[in-house]
């Protein structure tokens, strides 16, 4: 069968059975046609390879496209959802949701990324928000995805992405996360890995930064199973880490927050290497080999070592006002250690989501009720492993809920409406999973209710829980009792049987941590950790960093822990379903062709099993014979009444029938209160509306042309009259001038004749005697003179208008020009002040401005500077209309201007690009090798200053400071360090107002003040000369000061102690097998390759 003869829509199949369905989908898959329609539902098969289906040219084709004009594609679903949200299709503007479902490894995460990208392209905006939204996925993938047996990039949490639009542009986004698999932090089955971010850290962080965070070789860590990756994999992880760091910068995370984030993750890993042993008294202690790990974890968490140890090995209880200390057994201490690691990581992930929502939220001045929404659901796929635990039960429950949502919209709701409206219909049987949902969620005898009940009993165990549900559900057809030594039970899901191992169910449902740990972490000097444990947890399990009016901390803690993990998950699912039922759904069913993750291979059995339990045969039949679109009469008449071209029609059944008579549609039916249409009728009606829109445009164009032509003729006639009047006025003026000249000539002739006649002299008149001045009263010089009376105003009938005197009009124009000029000058001064106070230090290099920086010049001036320059020449200037910069580039045909935005976290981004830069010099260096979109032009030659001695621009001349090269190159003595300080302070004073210098002093915690004081004392005695010189050289090479963890010296000491122990005993215990594991690298070789020289080692040796 040729590909061209294969149907793109399975609802058009003439023969409907499993073999025909498998033949069509299999043939299309082998020819790389991975997308197929079932009416308006999309089937997506994971190809496990790259396909050229997602290039920019392909994305352009699917903008405002008709369903039948192009092959099936996920971009078409994005376009359909976007146009439906705007009200351009069958219904009016309404919220939309796209539901992506399928097994683990079927391609749901990749589909989500493609949908996001296409929707951002469709929104046609040019804001930085769109780029930030696209950076959310790699960030959440790093912290929430992991490698499993079934999928190398499996989502270990669920997310619902809400994109919010105003008109056509995106204005905000919100992420809702569900049930992160925190147990993966402390345990992974064979063939699986921890969360991606741990491996990205080791691959991407430099050796110097690893020492700063307190990281050693990844094979030393128990929570990573003492395993790492191949060289090729490590290179890929390195690239991923750079992408994560860029995503953090792009979204808006501060540098100190990123440092604290990585330090907490390092603390989680260090915590896992703490091992206990009993003393003679029976009280536990930390082994000598793991004391360094305890010290490292305490430093990374920013707490006291002794306090952390107390929280691990004992519990404080208060009874009748008396404190009682209860020491843990070894198993309890290990559980406490692991629970701290899980809760810390879970709170970090929740904080990241909360921070993203805060940074990407719509502006406060926007009315949220006016915003439309598109939601994308990417939730964990159905899972059936060799050993299935609590997390798999919750994941499969979520998939049962999604399957019910699909069945409700596709089958149940449709067939019920057919009965109510009296439509003839042969019922289609489908696999209803409502009974399975009741098995889990019913109250008070559902599985989760019984689990919560057992969780509340202190003496209950996993075995008692299994016995309880065995007694409750032994007669249920969807439940099977298991006879085994371990607590286990089997549930028959819609996708097949799954056996669950109930070991750990109660503890995971409680998700408790030692009460003292919360108080300890709240008082941590690491700000982020304090924020994580001060925040409250909502009913859905979401971290709420913004606290409500202050309550007692203990009350907040107790109120959030009363709800079990299962209760939070049930509530979050209920909220999700409420959002989805209120929106118009679009379905994408992802299918994987084989379980080996290999391209070009289709396992018929695996493939058909997925098609069966997804109910695709029944879906094809109901899409073929059923009526997927069922609007009410009023809704249809209001939307399509324009097709009658009759004003003020009534929204009745008769009007709807009249509208349908004009369209020529077939195969529709009319009920009691609704119309029933096939899925293709929406496109046909949209074409009818489109024809009217085109006709309306032609009418508008013709009317506007007629109106403009008429106005043009009137203006032309007025202009001709004005010209005629002007000509007549000029003729009249010329005649008057000639007449005046003639009169002047005659007058001169008369005077000339009179001068010839001699006349007797005429005596001059006598001068009159001046009258005496009246005596005036004395004038008081201390009072104002009496003002003359003000004349009464003229009547309104003769009052002058602004156009009576052209001089007054010119004076007003001159005043307006002066006002505008003064505003421009003030705006320029404010921008220059902003630059001097906040930016100049970041742009300066060695005390002078780079040659490519040209201060505040206009667009025309920048183009004149680049007029005769070679291709690729560039300059950066301060924008005159906003607080930012503009990159002007000499392109092939003209100069191009790129806006450079400054993020709230101080990073620089070219508008439309997806990479953030810490400074303008870094931005320039990056784009010397990478082209700027969309023309992919590379910066080559900087446009230098006209004068070599000083800058060309007045606002920069007082801020360039030359540094002595000798001072810049030598920092081997303390005097050089002090010289560096003087230069740095001198530069700082240039750009900081005097009144704000005091406020810019860093707020140093008391612990750090003591450390700094000791350093200064040691420096004064000459003990840290070599250390300081090394630090200054490194800082000078980096060009900026590196942000450090709060207790970096303590972390450094702990790492030194651990390395000394590892050199003596390089063996570790695997958490899963209990066997000793020897690292591949010998201690000496590891020391040479992975451990950089410790900063301050000479100092500590001397002490």
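Numbering (our numbering), first residue to last: 2 to 1104. Glycine included, each C-beta is placed from N, C-alpha and C at the ideal position. Source: prediction; values computed, not measured.
Three-way DSSP call (helix, strand, coil) for residue i in this model
{"i": "residue 497", "result": "strand"}
{"i": "residue 174", "result": "strand"}
{"i": "residue 286", "result": "strand"}
{"i": "residue 545", "result": "strand"}
{"i": "residue 935", "result": "coil"}
{"i": "residue 424", "result": "coil"}
{"i": "residue 316", "result": "strand"}
{"i": "residue 155", "result": "strand"}
{"i": "residue 852", "result": "coil"}
{"i": "residue 216", "result": "coil"}
{"i": "residue 98", "result": "strand"}
{"i": "residue 382", "result": "coil"}
Cβ pair residue i, residue j closer than 8 Å
{"i": "residue 396", "j": "residue 39", "result": "no"}
{"i": "residue 75", "j": "residue 411", "result": "no"}
{"i": "residue 134", "j": "residue 451", "result": "no"}
{"i": "residue 929", "j": "residue 918", "result": "no"}
{"i": "residue 213", "j": "residue 403", "result": "no"}
{"i": "residue 111", "j": "residue 611", "result": "no"}
{"i": "residue 374", "j": "residue 163", "result": "yes"}
{"i": "residue 1168", "j": "residue 87", "result": "There is simply no residue 1168 to check, as the chain begins at 2 and stops at 1104 in what is shown."}
{"i": "residue 704", "j": "residue 630", "result": "no"}
{"i": "residue 472", "j": "residue 440", "result": "no"}
{"i": "residue 853", "j": "residue 836", "result": "no"}
{"i": "residue 250", "j": "residue 528", "result": "no"}
{"i": "residue 161", "j": "residue 577", "result": "yes"}
{"i": "residue 47", "j": "residue 593", "result": "yes"}
Environment of residue i [buried if 16+ CB atoms lie within 10 Å]
{"i": "residue 1052", "result": "buried"}
{"i": "residue 600", "result": "exposed"}
{"i": "residue 281", "result": "exposed"}
{"i": "residue 778", "result": "Confidence in residue 778 is poor, its pLDDT being 46 and thus under 50, which makes the residue's placement unreliable; the coordinate value appears in the next sentence. Exposed."}
{"i": "residue 18", "result": "exposed"}
{"i": "residue 275", "result": "buried"}
{"i": "residue 434", "result": "buried"}
{"i": "residue 10", "result": "buried"}
Distance, residue j Cα to residue i Cα
{"i": "residue 264", "j": "residue 232", "result": "25 Å"}
{"i": "residue 355", "j": "residue 141", "result": "12 Å"}
{"i": "residue 636", "j": "residue 490", "result": "50 Å"}
{"i": "residue 97", "j": "residue 915", "result": "27 Å"}
{"i": "residue 694", "j": "residue 72", "result": "26 Å"}
{"i": "residue 294", "j": "residue 206", "result": "20 Å"}
{"i": "residue 656", "j": "residue 122", "result": "39 Å"}
{"i": "residue 342", "j": "residue 521", "result": "14 Å"}
{"i": "residue 938", "j": "residue 892", "result": "8 Å"}
{"i": "residue 444", "j": "residue 469", "result": "15 Å"}
{"i": "residue 1057", "j": "residue 1063", "result": "10 Å"}
{"i": "residue 339", "j": "residue 532", "result": "21 Å"}
{"i": "residue 830", "j": "residue 902", "result": "20 Å"}
{"i": "residue 254", "j": "residue 247", "result": "10 Å"}
{"i": "residue 749", "j": "residue 742", "result": "11 Å"}
Cβ-based neighbour list, residue i, same chain, cut-off 7 Å, excluding 5 preceding and 5 following
{"i": "residue 12", "result": "39, 40, 621, 624 and 625"}
{"i": "residue 173", "result": "165, 361, 362 and 363"}
{"i": "residue 633", "result": "674 and 675"}
Cβ neighbours of residue i in the same chain (closer than 6 Å, five flanking residues each side left out)
{"i": "residue 229", "result": "219 and 220"}
{"i": "residue 805", "result": "Bear in mind that the predicted position of residue 805 carries a pLDDT of just 46, short of 50, making it too unreliable to give a figure here."}
{"i": "residue 565", "result": "453, 456 and 510"}
{"i": "residue 696", "result": "none"}
{"i": "residue 269", "result": "342, 345 and 346"}
Proximal residues to residue i (C-beta, below 8 Å), its chain only, five neighbours per side dropped
{"i": "residue 23", "result": "605, 608, 609 and 612"}
{"i": "residue 423", "result": "672 and 673"}
Closer than 7 Å: residue i CB and nearest the ligand HEM heavy atom
{"i": "residue 538", "result": "Looking at this structure, you won't find the ligand HEM or any other ligand, since it has none at all."}
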